[in-house]
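One structure is given below, encoded as structure tokens.
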Amino acid sequence: MKDNVLNAALREVVSREFADIPQHESEIAHEFSDGFTRRMDKLTKAEKSWFWRMTNTVAKRVAVVLVVLMFITLTACSIPSVRAAVVDFIKETYENCIHLFTGEAGSKMISEHYVLTELPEGFTEINRTETDPMYITHYQNSDGDEIVLTQSITDQFSIHMDNEHGIISEINLSGMNITIYESDDCMVAVWLQDQYAFYLTVYGDYDMDFIIQLVGAVKRP
Amino acid sequence: MLALYMSFIDDESQRRLFEEIYLYYRKQMLLVARSVLGSDTDAEDVVHDVFLKIAKKHMSRISKIENSIDLRNYLLKATKNTALDHLRKRRHEKAVLDTVNEKNLKKDAEMADAELVDKICGGIEYERVVTAIASMDEIYREALYFHFVLEMSVPEVAKLLDCKMSTVKQRLVRGKKLLHKQLFGGDQE
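Chains as they are written, first to last, in numbering that gives the first Met the number 0: chain A, 0 to 220; chain B, 0 to 188.
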């Protein structure tokens, strides 16, 4: 947005709030405690770990993930008792989106259906749809808020998440890595569970805790 | 463990910017936190918390701020809000700041940004705009500042202020409505 009268006025008023705070270190008489200095030194001067050095660019990240996946696949192949292929997301990060996908080693059909075993208050199931690669369950409440759970095979699964108009974060829930996208209108959680890929979309004003609880409730009925 | 925090900043230029910000603004931030909490120890904890939050979540946003006044305002606002959160927790206060009716909000949310900016830029004196903004409650003023000046999205503001997206939306809608009322004498159509 171009600078305009409104922006200039907002900036001036907000700046006034801090007008009495001196703008130079030397004008402020305060000695930080040893504890604070130690904590901040560690924070600002922390040595980069070997993993950070190896993965600090998009290309390197993709390469590292691919190498890790190749290693896992080779290991899996060399142990006859491991019958189910080990699947993980490959993540590519671009300027305006991230791409999560799997290779060809995952599940090729859905043999067990997963649903939300605990529904948030006011929500009811309104529809189930099954196609070859997906099983979709749709829930809604009286305000028109919606929850859509999609269970997918992991063979050649692929999803793009836009990071220009929302925020993408990752959490670990009971050992599962959950990628969460938040925008003004919806939240999406994507994760792998029991050989399937899931993405859960919530439309309405809800927070992160809400979607995390939903993810925890995705089970076989 | 602390090395992990810096791994959240995965861009070398952002790491340098983080260090510069720390060295230049830490004492200013401390004064803001101290003015809220009244204690140096608590203020240092707050400053540390703010830098952790920045390292974890906000460096990409901060690196987009080009105006140094806006950068300072952003950091001092973040510090003040974090200090107020600490104060609320200490006093066991409920952090319920808004009592805006949810149903009315959906209707009010239609208020268009461009229309409001055009109207204000179309003939209102600068000093009147400043006076109107200065008379607003701080929670609405800061929501408008983050939204219009820093062009932050609702999720970004919610993360910065550590509140729900619906709260941020409420403050934006209410703020725009209040500003319109101050300047034009009625609700925006």
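For each residue, glycine too, the CB sits at the ideal point set by N, CA and C.
Shown here for Leu177(B): same chain residues with a beta carbon closer than 7 Å to its own, the five before and five after excluded, namely Met135 and Tyr139 in chain order. In the structure shown, Phe31(A) adopts coil according to DSSP, grouped into three states.
Using a 10 angstroms sphere on the CB of His179(B), the tally of other CB atoms reaches 16 or more, which defines it as buried.
Counting C-beta atoms within 10 angstroms of its own C-beta, Gly174(B) has 16 or more neighbours from the protein chains shown and is therefore classed as buried. Listed along chain B, the residues sitting closer than 7 Å to Val12(A) by beta-carbon distance are Val129, Ile132, Ala133 and Arg140. Listed by position along chain A, the residues whose Cβ is nearer than 9 Å to that of Asn72(B) are Arg10, Val13, Ser14, Glu16 and Phe17. Between the beta-carbon of Val13(A) and that of Glu141(B) there is about 7 Å, and that keeps the pair under the 8 Å contact cut. Pairing Ile125(A) with Asp184(A), the inter-Cα distance amounts to about 21 Å.
Using a Cβ-Cβ cut-off of 8 Å, Gln27(B) counts as an interface residue toward chain A, since at least one Cβ of chain A sits closer than that to its own. Residues of the segment 139-159 of chain B with a Cβ closer than 8 Å to any Cβ of chain A, in chain order: Arg140, Glu141, Leu143, Tyr144, Phe147, Val148, Glu150, Ser152, Val153, Pro154, Glu155 and Lys158. Within the same chain, Cβ atoms closer than 6 Å to the Cβ of Gly203(A) are found at Asp144, the five residues on either side in sequence being excluded. For Asp161(A), no alpha helix (DSSP H) run applies; the uninterrupted beta strand (DSSP E) run containing it begins and ends at Ser157 to Asp161, by DSSP. Membership of Thr40(B) in the alpha helix (DSSP H) is indicated by the continuous run Asp39 to Lys52. Listed by position along chain B, the residues whose Cβ is nearer than 8 Å to that of Met39(A) are Tyr21, Arg25, His47 and Phe50.
Against chain B, the beta carbon of Phe209(A) has no neighbour under 8 Å; the closest one sits roughly 10 Å away. The bridge partners DSSP lists for Glu181(A) are Ile166(A) and Met186(A). For Phe209(A), the uninterrupted alpha helix (DSSP H) segment begins and ends at Met207 to Gly215.
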